[in-house]
Amino acid sequence: MGEVLDNALAGPETDPEKLANMPEEQESPAGTVKPLSRSLPSTDGGEQSWIQKVKQFPGGEALEVYSPSMERDIPVAMIRATDSAGKPIDNAPTYYLLNGAGGSEQNTDWLAQAAGTIYKTLGNEPVNVVIPMEGAFSYYVDWLTVPEKNRYLNGKQMWSTFLAKELPQSIEPYMNANDKRAVSGFSMSATSSLLLAEHNPGFYDAVGSFSGCAATSTPLPSFFVGLTVNRAGGGVTPEKLWGPMGSEYNRYNDALVMAEHLRGTKLYISSGTGLTSETDMIGYLKNKRGLTSSQAFSNHMTLLVEGGAIEGAMNACTHDLRAKLNAKGIPAHYNFRATGTHSWPSWLEDMRESWKTVIRPALLPDA
């Protein structure tokens, strides 16, 4: 952590040669789609739980989509839009959901933690849902370097290319989808969802950004990024992703800097304050979550200290984004909660509220 802090506080790079580090755009052909045919271990030693959970949805499949840029198959959860008889619906829009930092590798993905909310919110809607199930601690961007392989990082990290080009070209024809789409992310991927829209103007009709930090190229946000990517192991730092702080490619991957490119996209942006809410309390954790007294106390303290601090920082970042968007006259729907830590109850609310207020009207304007 000391090295991460030192790097962040060192200030932006000033060497012009190091600052001019924008990579050339790569070709991005479609990949093949096939049923998932391998076991995917989680870090707790068991199987990643989403593989069974997705099969409980009508139209749910565990798939692999080949990424030419990363030269490997990427696991993907697909929930095809279906009618009341369970028959697939053609010409439906697609809603991409991005996992947070630990992802499916830690069983902290959308299906492991929020399958019930997804079913209640989207299960009866004529919309396809697609969730990439790899990419822990990657920020879902194209990295400048290839990290050492470990249990989280499986080689090249070319997520911007995969998510905005290779995956849609592959999965949308597979589902007979139309050309309307949205993307939402939380925590780490709240930044990623904004960047995908900014790097591909007009491609996404709507974006949800839940409890994230848009900025990445200034000292404090760079420190937050470092804390996240360092958890992947192997000495990963923000420089491995996009080069020196303040470089051309770092600023290209700073959603606050790139905010102008959100113009014309429907936006839902949220954060809490970091103050504890009902769902963080010991009584709630015992009575509603079924935890023992000792488990409830431990979880409460973690939410109070770590979850509160993280969400407080994300709250400041999110207000910076609102100020930038307001200055540019770019509208957005904001959900600024008076309480709430960096935790799943907030993101479950965001799933419901963003669908009702922004995502559904953008994807299903005539419904």
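Each residue of the sequence shown is one higher than the one before, starting from 748 at the first, in the working numbering. Ideal placement from N, C-alpha and C gives every residue a C-beta, glycine not left out.
- Relative to the Cα of K781, the nearest Cα in the group F1083, Y866, L914 and M769 belongs to L914.
- Contact between the segment 814 to 821 and the segment 891 to 905 is established, with three or more Cβ pairs separated by less than 8 Å.
- DSSP lists no bridge partner for K800.
- Between N923 and the set I1106, N854, V874 and R785, the nearest pair of CA atoms involves V874.
- Within 10 angstroms of the beta-carbon of K1013 lie 16 or more other beta-carbons, which makes it buried.
- The criterion of a C-beta distance shorter than 7 Å is satisfied by T1020 and N1062.
- By the criterion of a C-beta distance shorter than 6 Å, D889 is surrounded in its chain by M905, S907 and T908, once the five residues flanking it on both sides are discounted.
- In this structure, N768 lies away from G1087, with their beta-carbon atoms at least 7 Å apart.
- When DSSP states are grouped into helix, strand and coil, H1080 belongs to the strand group.
- When the Cα atoms are used, H946 and N997 turn out to be separated by approximately 13 Å.
- Within the same chain, P840, D952 and L1110 come within 6 Å of K927 by CB-CB distance, once the 5 residues on both sides are set aside.
- Three or more Cβ pairs drawn from the segment 787 to 797 and the segment 850 to 863 lie within less than 8 Å of each other, which places the two stretches in contact.
- Scanning its chain for C-beta atoms nearer than 8 Å, with the 5 sequence neighbours on each side dropped, one finds around Y842 the residues L869, V874, N875, V876, V877, R928, A929, V930, S931, I1106 and L1110, in chain order.
- Just so you know, the alpha carbons of A1006 and P1078 end up roughly 11 Å apart.
- When secondary structure is reduced to three states using DSSP, I865 falls in the helix class.
- Collapsing the DSSP output to three states places M905 in a strand.
- The C-beta of V893 has fewer than 16 other C-beta atoms within 10 Å across all chains shown, which makes the residue exposed.
- R1036 counts as exposed, since fewer than 16 other beta carbons sit within 10 angstroms of its beta carbon.
- Short of 6 Å from the beta carbon of T864, and not among the five residues preceding or following it, lie these beta carbons of its own chain, in chain order: L1095 and M1098.
- For D837, the number of other beta carbons within 10 angstroms of its own is below 16, and it is reported as exposed.
- Under DSSP, L914 takes part in no beta bridge, so it has no partner.
- A883 is not a Cβ neighbour of G833, given a cutoff of 7 Å.
- Contact between G807 and P835 does not hold, since the beta-carbon distance rounds to 11 Å and is not under 8 Å.
- Taking the C-beta atoms as reference points, A1002 is found no nearer than 7 Å to L943.
- As for any alpha helix (DSSP H) of minimum length 4 sitting wholly inside the segment 977 to 1055, the runs are 985 to 989, 995 to 999, 1029 to 1034 and 1040 to 1049, ordered along the chain.
- Per the C-alpha coordinates, the member of P966, A848, A861 and Y866 positioned closest to A828 is Y866.
- At a Cβ-Cβ threshold of 7 Å, S969 and P985 count as neighbours.
- Taking the Cβ atoms as the reference, Y813 lies roughly 25 Å from G847, outside the contact range of under 8 Å.
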